[in-house]
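Beneath this line is the structure, given in C-alpha cells, with notes to follow.
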Amino acid sequence: MTATDPPETIPARLAATLLLVVDDPFRVLMVQRSAQGFFPSALVFPGGTLDPGDHVDDWLPHLGGHEEIEAEARALRIAAWRETWEETGIAPHGAPPPPASARPPLLDSLRAAAARIELGATVPFGHWVTPATVARRYDTHFFLAAAPAPFEPAVDGHEIVAAHWLEPGEVIARSEGGDRSILFSTLANLHLLARSRSTREALDAARARPVIPAHPRREDRGGEVWVSIPESCGYPLSRMRFAGVIAGN
Numbered sequence: 010m011t012a013t014d015p016p017e018t019i020p021a022r023l024a025a026t027l028l029l030v031v032d033d034p035f036r037v038l039m040v041q042r043s044a045q046g047f048f049p050s051a052l053v054f055p056g057g058t059l060d061p062g063d064h065v066d067d068w069l070p071h072l073g074g075h076e077e078i079e080a081e082a083r084a085l086r087i088a089a090w091r092e093t094w095e096e097t098g099i100a101p102h103g104a105p106p107p108p109a110s111a112r113p114p115l116l117d118s119l120r121a122a123a124a125r126i127e128l129g130a131t132v133p134f135g136h137w138v139t140p141a142t143v144a145r146r147y148d149t150h151f152f153l154a155a156a157p158a159p160f161e162p163a164v165d166g167h168e169i170v171a172a173h174w175l176e177p178g179e180v181i182a183r184s185e186g187g188d189r190s191i192l193f194s195t196l197a198n199l200h201l202l203a204r205s206r207s208t209r210e211a212l213d214a215a216r217a218r219p220v221i222p223a224h225p226r227r228e229d230r231g232g233e234v235w236v237s238i239p240e241s242c243g244y245p246l247s248r249m250r251f252a253g254v255i256a257g258n
C-alpha cells in the first residue's frame, strides 16, 4: 500500500440484537453496559456478535419455523437470543430461568427443558451497518420478539451492569433531556418501536415493513457534527447530533 492508495475498508462483523417486548404497559428490555470496554455505559438492547457456534446443526431440534429461513438469517436469530440469555438470563418460551450460581449455555438449557426458539416469531426489525471510516465496524441485525413471562432480567455486573423493562417513550425523553448514553441506532429503533402500543401491534408492523439497511454518515451542520441516515430507511428519526459513537446495539 502506498501513500496515495485509499485506506482499506475494515470488514464489518455480523452482530444481532433483540428487542424483547412485554405489555401492560408496553415496554422493551434494555441493558446498561459497563463503564469499561466498547460503548461504555451505553443503554442498549441485548445483543452481540455472531459466534461460530450459532451456525451448528445441534440447534435444529430446538428451533421452530426454521425450515424457510436461510442459514445466516437463522444464525443471526440464534445469536440474538443467545446474547440475550447470556446478558440477562431471559430465555425463549419454555426454557427455565438459569440458576443463580451459574448460567449454562443456552443450547444446553433448551435441551434440558425440551424447549425451542420460535424463529418465525423472532421478526426482523432493523439493519444497521457501521460506516467504513470507523475502526470497529458492525453489520447489526435487529430482531423483535415477545418476551416470555414472568422472567425478570439478571445481569453479571461486569459486562452488563443493569437491565430494565422500559417504555420506549421514557428512553426517548431521556435522550431529549440530554442523556448521552443512548446511541443513534438505539434511539432510532426506539422511535420506530414507539409507533406501536402493544406487542401484537409492533410485531404486525414489523412483519409488514421492509427492512432497509441503514448506513449512518457524519455531516457538518452550522459548525456541529451530526450523524444521519437516509429518510428512505423508514425511521421517524433520521438524524442526531453526534455524541462520539455512530452505531451500536
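Numbered per my numbering, the sequence shown spans residues 10 to 258. Ideal Cβ placement from N, Cα and C applies to all residues, glycine included.
Determine the closest residue to residue 56 out of 30, 185, 83 and 25, with distance taken between C-alpha atoms. Selected option, being the one with the closest Cα: 25.
Check each candidate in 64, 141, 223 and 199 and name the one with the smallest Cα separation from residue 241. 223
Please state if the CB of residue 27 and the CB of residue 198 are separated by a distance shorter than 8 Å. Judged by their CB atoms, residue 198 and residue 27 are not nearer to each other than the 8 Å cut-off.
With the cut-off set at 8 Å, would you say residue 131 and residue 160 are in Cβ contact? Contact flag unset, no.
If you compare alpha carbons, which of 213, 211, 165 and 175 is closest to residue 43? 165
So for residue 134, helix, strand or coil by DSSP? Residue 134: strand per DSSP, three-state reduction.
Would you check if the distance between the CB atom of residue 93 and the CB atom of residue 163 is smaller than 8 Å? no
Does the distance from the C-beta atom of residue 147 to that of residue 201 stay below 8 Å? no
Residue environment, residue 118, which counts as buried when at least 16 other CB atoms sit within 10 Å: buried
Nearest to residue 80 (by Cα), restricted to the options 116, 128 and 186: 128
Within the stretch 170-227, ranges of the alpha helix (DSSP H) (whole runs, at least 4 residues): 177-185, 193-202 and 208-217
Beta strand (DSSP E) containing residue 118: first to last residue? Here residue 118 belongs to no beta strand (DSSP E); instead the alpha helix (DSSP H) covers 115-122.
Could you pull the DSSP bridge partners for residue 31 from this structure? 36
Work out the CA separation of residue 145 and residue 19 for me, nearest whole Å. 8 Å
Should residue 232 go down as buried or exposed, given a rule of 16 or more other Cβ atoms within 10 Å for buried? exposed
In whole angstroms, what separates the C-alpha of residue 180 from that of residue 213? 23 Å
Can you tell me whether DSSP reads residue 85 as helix, strand or coil? helix
Distance, residue 221 Cα to residue 204 Cα: Going from the Cα of residue 204 to the Cα of residue 221 covers about 18 Å.
Contacting residues, own chain, Cβ-Cβ under 6 Å from residue 91 (five flanking each side not counted): 115.
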